[in-house]
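Here is the structure we will look at, set down as structure tokens.
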Ligand code: 5GP
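Residue numbers (the numbering used here): 28 to 165.
What follows is the structure in structure tokens.
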């Protein structure tokens, strides 16, 4: 899908309204319309990429500098006990909007939100095998 047709491009240009919490030369941050908790914020780079893995280094640096700054603000403002900073890349990982974005989710003791429900254990030898494969790619 071309950038112009993506929902978050339309939010960035103002074609679709959003609750802006922060903007600078490189990033734009606004409230998620379906928050896990009040204050759940999305941060997007102004330079388009489909997924975070396709973004260039400079864009990622600006994005994550902004994300940590905004996450501190969200935590203070909502008096959250903790914060999840998350990204879904590709549909199998839960990505629904194909314009890079980072979720900042305020968390409260006992709020009941769970993730990594399906975590598993390694079978014998699997760790070494996957470490070898990952190292080869880096
Ligand atoms: P993803 O699943 O792609 O990581 O996250 C997409 C997020 O965008 C979801 O959490 C969803 O609630 C949010 N979202 C979807 N449509 C809109 C919208 O029109 N406005 C805003 N502010 N957020 C949206």
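Ideal placement from N, C-alpha and C gives every residue a C-beta, glycine not left out.
Between residue i and residue j, is the Cβ-Cβ spacing less than 8 Å?
| i | j | result |
| --- | --- | --- |
| residue 98 | residue 124 | no |
| residue 68 | residue 56 | yes |
| residue 141 | residue 116 | no |
| residue 62 | residue 102 | no |
| residue 105 | residue 66 | yes |
| residue 110 | residue 70 | no |
| residue 100 | residue 51 | no |
How far does the beta strand (DSSP E) with residue i in it extend, from its first residue to its last?
| i | result |
| --- | --- |
| residue 111 | 109-113 |
| residue 129 | 129-134 |
In chain order, what residues of the same chain have a beta carbon less than 8 Å from the beta carbon of residue i, not counting five sequence neighbours either side?
| i | result |
| --- | --- |
| residue 33 | 75, 124, 125, 126 |
| residue 161 | none |
| residue 108 | 134, 135, 136 |
| residue 122 | 78, 115, 116 |
Over the uninterrupted alpha helix (DSSP H) stretch that includes residue i, give me the two end residues.
| i | result |
| --- | --- |
| residue 156 | 153-164 |
Closer than 7 Å by C-beta to residue i: which residues in its own chain qualify, once you throw out the five before and the five after it? Chain order, please.
| i | result |
| --- | --- |
| residue 89 | 53, 54, 72 |
Could you check what DSSP says for residue i in three-state terms: helix, strand or coil?
| i | result |
| --- | --- |
| residue 37 | helix |
| residue 102 | helix |
Spatial neighbours of residue i within its chain, please: C-beta separation below 6 Å, excluding the five flanking residues on both sides.
| i | result |
| --- | --- |
| residue 47 | 57 |
| residue 113 | 130 |
| residue 45 | 38, 57 |
| residue 86 | 72, 74 |
Exercise for review: Any chance you could list the beta strand (DSSP E) runs of at least 3 consecutive residues sitting entirely within the stretch 49-97, in chain order?
Suggested key: You should have 54-58, 68-72.
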